[in-house]
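J.: Here it is: the structure, laid out below.
Protein chains: 2
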Amino acid sequence: MEPTQGDPTPTSYGVGARIALHPMSDRFVDIILGALAEADAVRGGLATRTGAVSTFVGGDEADLLRYLSTLIGAATRRADGAHLAVSVLLSRGCPGEVTCDLRSGPWASTTPLEAEPTGVIARAEWSLYPLLDGGADADHMEPIMAAIDRAKESGLFDGSDHYVTRLHGDVADILALVTAAWRDVGAHVQHVTTHLSFSINSPTQEPS
Amino acid sequence: MEPTQGDPTPTSYGVGARIALHPMSDRFVDIILGALAEADAVRGGLATRTGAVSTFVGGDEADLLRYLSTLIGAATRRADGAHLAVSVLLSRGCPGEVTCDLRSGPWASTTPLEAEPTGVIARAEWSLYPLLDGGADADHMEPIMAAIDRAKESGLFDGSDHYVTRLHGDVADILALVTAAWRDVGAHVQHVTTHLSFSINSPTQEPS
């Protein structure tokens with residue numbers, strides 16, 4: 178890794194998200210389009226583009242956090258009790274679509290990451306991927322273990338399962354934890370991604 | 178990385194998947210439970226456990242491929258034209274829930290990975306994560322670029338977008354491509370994960 182050579186912008190550094198809303202209801206089109214329109218009010222300077230499978234959102238972490246939290250809150254209200262699953266992918270440090278030729282070294286902002294509670298309680302599965310390259314003492318599990326400890330301290334930790342950490346709590350708190358953990362690993366590792374799957378209003382008897 | 182010291186088993190090596198079916202229909206409970214019951218017929222020696230957010234499936238790659246393809250095909254038939262989204266996570270080389278203390282070095286089977294066509298055409302977004310540790314010349318983008326080239330050769334490549342490669346084709350062919358790419362990176366990198374999001378029967382006008 179090379180040292181930071183001036184601060185990149187979120188766009189030049191490839192900071193962004195992909196999100197897909199999956200309301201398990203015959204009204205899914207209205208729920209998705211209505212929630213996207215509602216979240217547009219807090220889009221601010223974020224770039225957004227909805228594709229066939231998910232919606233891309235690019236911009237800084239605080240804006241992403243507010244947008245994603247608002248979007249999921251809006252979809253949940255519009256689902257009106259129907260089961261809703263949401264997939265979120267966050268990525269940083271690899272701005273090209275198929276190349277990562279950024280040469281500025283690891284960089285992360287330090288602005289506070291806070292989100293208003295949504296009132297929506299969710300279960301989630303979370304995985305964090307620090308994509309290291311060379312380095313004699315590199316250990317990609319070290320930042321993962323630190324993030325799991327952080328989840329435990331947050332009160333949102335709901336257990337570990339194969340390949341994922343389970344979280345339980347307000348959607349905004351879960352997003353704030355995950356966004357901060359992903360952003361902070363980025364201070365030491367250039368290319369970091371994280372995947373988060375929410376389950377809201379599930380009729381399944383939740384395993385304890 | 179240490180050299181291989183005898184072949185691990187898929188279970189000891191942590192080879193497995195998590196899958197979540199999201200039928201966007203009021204009938205989602207029947208579709209999901211019916212598809213899981215139907216896929217049980219091809220479960221063979223795989224370990225399965227359904228949690229609050231997704232279902233874990235552990236075992237070797239060929240069995241996983243057959244199971245996942247059968248499950249998605251069954252869910253699509255039961256959805257009967259309704260929109261269905263499916264999230265798949267494959268992981269290998271990190272068998273513990275929160276630790277990766279495996280010490281056998283990179284290992285991958287070489288059995289052929291083939292799946293009967295399902296007749297279900299899907300769009301998908303795919304990302305592949307080789308989780309490297311030390312190594313002076315390590316470059317985590319190298320296996321990712323090789324996998325994208327492989328997608329292009331397969332005829333399933335549908336473009337690149339931020340953080341994902343787009344695929345389009347029969348669900349079984351997409352799963353076979355992704356499973357093989359993930360497995361084959363595993364011959365050189367111990368811990369490898371991959372995420373795949375399918376969209377089936379979407380009413381959205383697909384961007385070309």
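As you go down the protein sequences, you meet chains A and B in turn. Going by our numbering, the first sequence opens with residue 178, and the numbers climb by one from there. Going by our numbering, the second sequence opens with residue 178, and the numbers climb by one from there. No residue lacks a Cβ here, since even glycine has one placed at the ideal position from N, Cα and C.
Note down, in chain order, all residues in the stretch 186-209 of chain B with a beta-carbon under 7 Å from any beta-carbon belonging to chain A.
T.: For the stretch 186-209 of chain B, which is checked against every Cβ of chain A, the residues closer than 7 Å are 193, 195, 197, 199, 200, 201, 202, 203, 205, 206.
J.: Where in the stretch 235-285 of chain A do unbroken runs of the alpha helix (DSSP H), each at least 4 residues long, occur, reported from the N-terminal end onward?
T.: Runs of the alpha helix (DSSP H) inside the stretch 235-285 of chain A: 238-256.
J.: Can you check the stretch 321-361 of chain B for any alpha helix (DSSP H) of at least 4 residues that lies completely inside it and give the ranges in chain order?
T.: Within the stretch 321-361 of chain B, no complete alpha helix (DSSP H) run reaches 4 residues.
J.: Going by CA-CA distance only, name the one from B/209, B/244, B/376 that's closest to residue 217 of chain B.
T.: Comparing Cα positions, the closest option is B/244.
J.: Run through DSSP, which three-state label would residue 188 of chain A get?
T.: Three-state result, residue 188 of chain A: helix.
J.: In chain B, which residues lie less than 7 Å from residue 289 of chain A when you measure between Cβ atoms?
T.: Residues of chain B passing the Cβ test: none, with the nearest at roughly 25 Å.
J.: Three or more C-beta pairs closer than 8 Å, one from the stretch 249-259 of chain A and one from the stretch 225-238 of chain A: is that the case here?
T.: Touching, no, given that fewer than three Cβ pairs across the two stretches are closer than 8 Å.
J.: Around the C-beta of residue 385 of chain A, are 16 or more other C-beta atoms found within 10 angstroms, so that it is buried, or is it exposed?
T.: Its pLDDT being 39, under 50, residue 385 of chain A is placed unreliably by the model, and nothing is read from it.
J.: Of the choices A/316, A/288, A/310, whose alpha-carbon is the least far from that of residue 240 of chain A?
T.: Comparing Cα-Cα distances from residue 240 of chain A to each of A/316, A/288, A/310, the minimum goes to A/288.
J.: Just verifying my parser: in three-state terms, what is the DSSP assignment at residue 315 of chain A?
T.: Residue 315 of chain A: coil per DSSP, three-state reduction.
J.: Check whether the Cβ of residue 233 of chain A lies closer than 7 Å to any Cβ atom in chain B.
T.: Residue 233 of chain A counts as touching chain B.
J.: Whole angstroms are fine: how far does the CA of residue 268 of chain A sit from the CA of residue 371 of chain B?
T.: Computed Cα separation, rounded: 14 Å.
J.: Using beta carbons (cut-off 7 Å, strictly below), is residue 302 of chain A in contact with chain B?
T.: By this cut-off, residue 302 of chain A is an interface position.
J.: Please report how far the alpha carbon of residue 366 of chain A lies from the alpha carbon of residue 283 of chain B, in whole angstroms.
T.: Going from the Cα of residue 366 of chain A to the Cα of residue 283 of chain B covers about 23 Å.
J.: Can you find a C-beta in chain A that's less than 7 Å from the C-beta of residue 381 of chain B?
T.: Residue 381 of chain B counts as touching chain A.
J.: Exposed or buried, what is residue 223 of chain A when buried is set at 16 or more other beta-carbons lying within 10 Å of its beta-carbon?
T.: Counting Cβ neighbours within 10 Å, residue 223 of chain A comes out buried, since at least 16 surround it.
J.: In chain B, which residues lie less than 8 Å from residue 326 of chain A when you measure between Cβ atoms?
T.: Correct list: empty, because the minimum Cβ distance to chain B is about 10 Å.
J.: Measure the CB-CB distance between residue 324 of chain A and residue 305 of chain A and report whether it falls below 7 Å.
T.: Result yes, Cβ atoms of residue 324 of chain A and residue 305 of chain A sit closer than 7 Å.
J.: Under 7 Å between beta-carbons, which chain A residues line up against residue 341 of chain B? List them in chain order, please.
T.: Simply 195.
J.: Compare the C-alpha of residue 257 of chain A against each of A/201, A/196, A/228, A/266 and name the closest.
T.: Answer by Cα proximity: A/201.
J.: I'd like to know if residue 244 of chain A contacts chain B, where contact means its C-beta is closer than 7 Å to some C-beta of that chain.
T.: No - not a single Cβ of chain B is within 7 Å of the one on residue 244 of chain A.
J.: Since residue 310 of chain B meets chain A, which of its residues come closer than 7 Å, beta carbon to beta carbon?
T.: What residue 310 of chain B touches in chain A: 309, 315, 316, 317.
J.: Say whether chain B places a C-beta atom closer than 7 Å to the C-beta of residue 374 of chain A.
T.: Judged by the 7 Å Cβ criterion, residue 374 of chain A is in contact with chain B.
J.: Three Cβ pairs or more, each shorter than 8 Å: is that satisfied between the stretch 331-349 of chain A and the stretch 203-218 of chain B?
T.: Short answer: they don't touch.
J.: Is residue 218 of chain B close to chain A, meaning its C-beta is less than 7 Å from at least one C-beta of that chain?
T.: No - not a single Cβ of chain A is within 7 Å of the one on residue 218 of chain B.
J.: List the DSSP bridge partners of residue 196 of chain A.
T.: DSSP output for residue 196 of chain A lists A/232, A/265 as bridge partner(s).
J.: 7 Å is my cut-off, CB to CB: does residue 256 of chain B come that close to chain A?
T.: No, residue 256 of chain B does not count as interfacial toward chain A.
J.: Residue 212 of chain B touches chain A at which residues, Cβ-Cβ below 9 Å?
T.: What residue 212 of chain B touches in chain A: nothing, since even the nearest Cβ is about 14 Å away.
J.: On the three-state DSSP scale, how would you describe residue 299 of chain A?
T.: Of the three classes helix, strand and coil, the one that applies to residue 299 of chain A here is strand, per DSSP.
J.: Name the chain B residues whose beta carbon is nearer than 8 Å to that of residue 349 of chain A?
T.: None at all; the shortest Cβ gap to chain B is about 18 Å.
J.: Closest Cβ-Cβ distance between residue 268 of chain A and chain B: below 7 Å?
T.: It does; some Cβ of chain B falls within 7 Å.
J.: Determine the DSSP secondary structure at residue 213 of chain B, reduced to helix, strand or coil.
T.: DSSP places residue 213 of chain B in helix when its eight states are reduced to three.
J.: Out of B/253, B/297, B/260, which has the shortest C-alpha to C-alpha gap to residue 349 of chain B?
T.: Residue 349 of chain B has its Cα closest to that of B/297, out of B/253, B/297, B/260.
J.: Just how far apart, CA to CA, sit residue 351 of chain A and residue 255 of chain A?
T.: Roughly 20 Å separates the two Cα atoms.
J.: Would you call the CB atoms of residue 337 of chain A and residue 229 of chain B closer than 7 Å?
T.: Their beta carbons are not under 7 Å apart, which means residue 337 of chain A does not touch residue 229 of chain B by this criterion.
J.: Which residue marks the beginning of the beta strand (DSSP E) containing residue 369 of chain B, and which one marks its end?
T.: Run containing residue 369 of chain B: 369-377, per the beta strand (DSSP E) assignment.
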